[in-house]
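Written out below as structure tokens is the structure these notes cover.
In UniProt numbering, the protein residues as written are 1 to 373.
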């Protein structure tokens, strides 16, 4: 989910029928396209850093904060970069290159993620051809920056949650890969399925014909839990609160939330919770979703990364948030999938302020880097 072009996509446990179809079609797809030949190592133990190069007024984390993040266990940074900012002038491009160099010098691998902000996102959705041309031009420019950065540390990510049809994305993905590969012959390309980078969307998206690639998916299921009290858009998620994890439909807290929504006539929000509670919200359910992604990876030979997952910290219980984060991280690791949590210091953040080494959320770091319960 997340705001369009900044914060995006989620799978729901109620999409289980689609996920089952995905699992059933994996082997058939592998037979059609053949296993991808790859030499890619998958970055992991990552964190997303929006609010730096995905907006004109972005703020860089201080060197001290970056050092502390590295010391606390993070190895990878996914760096959202807006294509319009790339095209706006040489000074922006220089700043992006210097920012990535700083991250690499601190010891991070970096995913240079073309992450369309509002204008480019809207154009892509409304006019895929025109938006695609902007993305192509952005990568013509950005690939020249990536080309001068270490091939074993910097990963060009073609487009976050491509807001176009899968068919249009296949064409655009191929063109972007050609542009990046021409400038960066040894860098590993990262891409995700359209339009949400959901696990259930992998089945219709064959790997690139490339030796160095990683597929990337996002996971925010169930959104009634991970996005409760969402403050953007006209979504019923804004009116949902006090849902726990793990949870079943019969739990008092869940019944109380549904009853309260119904009592105020908020049927949209009540039905959303009920729909997403057709299956239990458990660690086992999360593991099953990530296992399906791993099955696609094994069948196609394409390495896989979970480069977004997280829980809004607006009205969720701290223990529930910690439990969900740990469950997703463990499921990724147990299925051989690299991971990067969303995100640094905004609504899903794990620290309070990117300019201050105080305010690190120890519970989140324990969920991400310690076993615990």
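Just so you know, even glycine gets a beta-carbon here, dropped at the ideal spot from N, CA and C.
Predicted model, so just to flag it, every value in this text is computed and none were measured.
Which class does residue 45 belong to by DSSP, given the choice of helix, strand or coil?
-> Under the three-state reduction of DSSP output, residue 45 falls in the coil class, being neither helix nor strand.
Rounded straight-line distance, which links the Cα of residue 251 to that of residue 376 = For the chain, the structure presents residues 1 to 373; residue 376 sits outside this window and is missing.
Identify, in the order they occur along the chain, each residue of the same chain with its Cβ nearer than 7 Å to the Cβ of residue 345, setting aside the five sequence neighbours on each side.
-> Cβ contact annotation for residue 345 (same chain, cutoff 7 Å, sequence separation greater than five): 351, 352, 353, 354, in chain order.
CB of residue 108 within 8 Å of CB of residue 76, strictly | Less than 8 Å separates the beta-carbon of residue 108 from that of residue 76.
In terms of residues, what are the limits of the alpha helix (DSSP H) holding residue 228?
-> Here residue 228 belongs to no alpha helix (DSSP H), and DSSP marks it neither H nor E.
Which of the three DSSP states, helix, strand or coil, is assigned to residue 340?
-> Reduced to three states, the DSSP call for residue 340 is strand.
For residue 359, three-class secondary structure by DSSP = It is coil, neither helix nor strand.
Please say whether residue 146 and residue 115 have beta carbons closer to each other than 8 Å?
-> Between residue 115 and residue 146, the gap from beta carbon to beta carbon reaches 8 Å or more.
Beta-bridge partners of residue 262, as assigned by DSSP | Assignment of beta-bridge partners to residue 262 by DSSP yields no partner.
Figure out for me which residue from 117, 64, 72, 106 has the closest Cα to the Cα of residue 87.
-> From the listed residues 117, 64, 72, 106, the smallest Cα separation to residue 87 is found for 117.
Residue 267 - DSSP class collapsed to helix/strand/coil | Three-state DSSP puts residue 267 in a helix.
Might you give, ordered along the chain, the residues of its own chain that have their beta carbon closer than 7 Å to the beta carbon of residue 357, omitting 5 neighbours on each side?
-> Counting only residues of its own chain and dropping the five nearest sequence neighbours on each side, residue 357 has a CB closer than 7 Å to the CB of 64, 65, 68.
In its own chain, which residues sit with a C-beta less than 6 Å from the C-beta of residue 60, not counting the 5 before and 5 after it?
-> Hits under 6 Å: 52.
Euclidean distance between Cα positions of residue 275 and residue 156 = Looking at the two C-alpha atoms, the distance is approximately 37 Å.
Check whether residue 340 and residue 307 have beta carbons under 8 Å apart = Between residue 340 and residue 307, the C-beta gap is smaller than 8 Å, which places the two residues in contact.
In three-state DSSP terms, what is residue 136?
-> If DSSP states are grouped into helix, strand and coil, residue 136 belongs with the helices.
Using only alpha-carbon positions, find the residue among 223, 121, 54 that is nearest to residue 112.
-> In terms of CA proximity to residue 112, 54 leads the group 223, 121, 54.
Between residue 270 and residue 199, what straight-line distance do the alpha-carbon atoms span, to the nearest angstrom?
-> The alpha-carbon atoms of residue 270 and residue 199 are separated by roughly 26 Å.
As assigned by DSSP and simplified to three states, the class of residue 307 | Correct three-state label for residue 307: strand.
Looking only at C-alpha atoms, which of 220, 182, 161, 185 sits nearest to residue 191?
-> Cα-wise, what sits closest to residue 191 is 161.
Assuming residue 177 contacts residue 208 (C-beta within less than 8 Å), just tell me the rounded distance between them.
-> Right, their Cβ atoms sit about 5 Å apart.
Residues of its chain near residue 216, where Cβ-Cβ distance is below 6 Å and the 5 sequence neighbours each way are ignored | For residue 216, where only same-chain residues beyond five positions count, the Cβ hits under 6 Å are 190, 192, 305, 307.
Apart from the five residues on each side of it in sequence, which residues of its chain come closer than 6 Å, Cβ to Cβ, to residue 128?
-> So the qualifying residues of the chain are 164, 168.
Would you call the stretch 285-297 and the stretch 308-320 in contact, with 3 or more CB pairs under 8 Å?
-> Output reads no: the stretch 308-320 does not touch the stretch 285-297.
Identify which residue in 135, 104, 105 has its Cα closest to the Cα of residue 119.
-> When only C-alpha atoms are compared, the closest one is 135.
Beta-carbon gap between residue 45 and residue 73 smaller than 8 Å = In this structure, residue 73 lies closer than 8 Å to residue 45 by Cβ.
Please classify residue 169: does DSSP put it in a helix, a strand, or coil?
-> DSSP places residue 169 within a helical segment (H, G or I) once states are collapsed to three.
Between which two residues does the beta strand (DSSP E) carrying residue 296 extend?
-> Taken as a continuous stretch (DSSP letters only), residue 296 belongs to no beta strand (DSSP E), being part of the alpha helix (DSSP H) at 283-300.
CB of residue 40 within 8 Å of CB of residue 213, strictly = Closer than 8 Å, so yes.
Helix, strand or coil at residue 113 [DSSP, three-state] | Note: residue 113 maps to strand in three-state DSSP.
Drop a sphere of 10 angstroms on the beta-carbon of residue 173, count the other beta-carbons inside from all chains shown, and report buried for 16 or more, exposed for fewer.
-> Looking at its Cβ environment, which holds 16 or more other Cβ atoms inside 10 Å, residue 173 is buried.
So is residue 138 buried or exposed if we call it buried at 16+ other beta carbons inside 10 Å?
-> Under this definition residue 138 is a buried residue.
Got a sec? Which residues, its chain only, sit under 6 Å from residue 229 by beta carbon, not counting five neighbours each side?
-> The residues 241, 314, 315, in chain order, have a CB closer than 6 Å to that of residue 229 in the same chain once the five nearest residues on each side in sequence are set aside.
Alpha carbon of residue 370 to alpha carbon of residue 126, nearest angstrom | Rounded to whole angstroms, the separation of the alpha carbons of residue 126 and residue 370 is 44 Å.
For residue 144, which three-state DSSP category applies?
-> Residue 144: helix per DSSP, three-state reduction.
What are the residues that DSSP puts in a beta bridge with residue 374?
-> This structure does not reach residue 374, given that the chain is present from 1 up to 373, and the question cannot be answered.
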